[in-house]
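Using full-length UniProt numbering, read the sequence shown as starting at 1 and increasing by one per residue.
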Amino acid sequence: MNIGDKVRMLRAKEQGVITRFLSGNQVEIEIEDGFRIPVMRSELVVVSPLEAERLVKSPTQQPIMPRQPAASTIVSNQGVYFAFVPQNDREYALHVVNNTDWELAYVVGEEAAAPSGGVQFNGLQSGSLKPKSQLKLNDLYVHAKFDTWPTFVLQALWFRPGRTSLRPPLVKRLKCRAATFFNNKATVPVLNQPGHVFQLDADEANPSPTSATRPAPSPAAIQPEALKQEMLKPKSDAGSLAVERPSSVVDLHVEALLPQGPGRRSPAELLELQLQTFEKTLENAIASGMGEITFIHGVGSGALRTELHRRLGQHPNVRFFEDAQKQKFGYGATKVTIK
Numbered sequence: 001m002n003i004g005d006k007v008r009m010l011r012a013k014e015q016g017v018i019t020r021f022l023s024g025n026q027v028e029i030e031i032e033d034g035f036r037i038p039v040m041r042s043e044l045v046v047v048s049p050l051e052a053e054r055l056v057k058s059p060t061q062q063p064i065m066p067r068q069p070a071a072s073t074i075v076s077n078q079g080v081y082f083a084f085v086p087q088n089d090r091e092y093a094l095h096v097v098n099n100t101d102w103e104l105a106y107v108v109g110e111e112a113a114a115p116s117g118g119v120q121f122n123g124l125q126s127g128s129l130k131p132k133s134q135l136k137l138n139d140l141y142v143h144a145k146f147d148t149w150p151t152f153v154l155q156a157l158w159f160r161p162g163r164t165s166l167r168p169p170l171v172k173r174l175k176c177r178a179a180t181f182f183n184n185k186a187t188v189p190v191l192n193q194p195g196h197v198f199q200l201d202a203d204e205a206n207p208s209p210t211s212a213t214r215p216a217p218s219p220a221a222i223q224p225e226a227l228k229q230e231m232l233k234p235k236s237d238a239g240s241l242a243v244e245r246p247s248s249v250v251d252l253h254v255e256a257l258l259p260q261g262p263g264r265r266s267p268a269e270l271l272e273l274q275l276q277t278f279e280k281t282l283e284n285a286i287a288s289g290m291g292e293i294t295f296i297h298g299v300g301s302g303a304l305r306t307e308l309h310r311r312l313g314q315h316p317n318v319r320f321f322e323d324a325q326k327q328k329f330g331y332g333a334t335k336v337t338i339k
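Here you go:
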């Protein structure tokens, strides 16, 4: 007898397929209803292959097939990218890459400043992107004109057949800057061509299973797909990734930044906190493609306003700045227009 042989019991009507050998001169067989039972070898007889040819099969009889190994439970949850692939020495094509095990229902578009003010959205393409696939958009972008490139936007819904946890929609914006664009050169996942790669879901939490299906914790287990994703992840600094669009009005008052109170912080430490918040918010506004942003700094001694204006005057991505509308913000706000 060998594993996979079809056998029949001598003292019963059941028959099945040998799945493994057990101790004590026993074998395990899988019978027609899917159950596996141990049986003594002496109680089994191998069914000859010629029997099927010589005997008429019952119309309802179904062939017994060896059980296929269970599919891997490891799922690739991250790996959505914008990739710019060079078409020649001056133009790039934009690709949307889905290197996950999820299907994406997507919308890709551009955001740019509208002539009448505000932001205008221009839809480029929509559809469904299968797992481990990519999509090339039709438009080409000239690398010498980074300043005219729009803010690229991806909106996507996650889907996998069967029982899964519900994932929130993915909405990401990417504004390319010459200073960081060329630092993201890598092999494009799925496409396997050189390009400039920006991961859009790096900060998305992996969907956790429900309490009914959550496996026991295994801290020492190795996750091959997670390791593979980490190895393929392009090396980039934080400024190269897509960022969330901040509010168009930012309050730098200490009571707004520290609702619980300043504690024992000195005036110098509080000023440094205000300046750090200003710098971070301004860079996020630039990276997300905003046209303007207003900082409320108050009047006070004027130290914060003076330092903000000094830094704004030296910033390469600031077109100009001015006092904001006094009717709306009083005398302590500065409106910044971004290039």
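Quick reminder that beta carbons are idealized off the backbone N, C-alpha and C, glycines included.
What you are looking at is a predicted structure, and each value in this text was computed from that prediction instead of being measured.
Tell me the residue span of the alpha helix (DSSP H) that contains residue i.
i	result
F278	P267 to A287
L257	V254 to L257
G313	A303 to Q314
Measuring CB to CB, does residue i end up less than 8 Å from residue j?
i	j	result
V96	V47	no
E111	T151	yes
K132	V188	no
L312	Q274	no
L137	A105	no
L170	V80	yes
L44	L22	no
N25	R36	no
I338	V318	yes
E30	P38	no
Can you name, in chain order, every residue of its own chain whose Cβ lies under 7 Å from the Cβ of residue i, other than the five neighbours on each side?
i	result
Q260	none
residue 340	Only positions 1 to 339 of the chain appear in this structure, which leaves residue 340 out of reach.
Distance, Cα to Cα, residue i vs residue j?
i	j	result
F329	G291	19 Å
Q134	S247	32 Å
T19	S128	41 Å
T277	L252	8 Å
F198	F181	9 Å
S288	L174	6 Å
A178	F146	6 Å
F320	A113	16 Å
A186	H315	29 Å
R310	T100	46 Å
S211	K172	Only weak support is given to the placement of S211: the predicted model assigns it a pLDDT of 33, under 50, and the question is left unresolved by the model.
N183	S76	26 Å
W149	C176	7 Å
State the start and end residues of the unbroken beta strand (DSSP E) segment that holds residue i.
i	result
A114	First-last for A114: undefined, no H or E at that position.
E14	No beta strand (DSSP E) contains E14, which DSSP labels as neither H nor E.
Apart from the five residues on each side of it in sequence, which residues of its chain come closer than 8 Å, Cβ to Cβ, to residue i?
i	result
T294	S248, V249, V250, A324, F329, A333, T334, K335 and V336
I believe residue i touches residue j by the beta-carbon criterion, under 8 Å. Please report the beta-carbon distance rounded to the nearest angstrom.
i	j	result
G195	V108	So it is not a contact: roughly 16 Å between Cβ atoms.
L200	L154	6 Å
Is the shortest distance between the beta-carbon of residue i and the beta-carbons of chain D less than 8 Å?
i	result
L258	The structure shown contains no chain D, having only a single protein chain.
CB-CB under 6 Å to residue i, same chain, minus the five flanking residues each way: which ones, in chain order?
i	result
F159	E103
T213	Summary for T213: the model assigns pLDDT 34, below 50, so the residue's position carries little reliability, and this model does not support an answer.
E279	none
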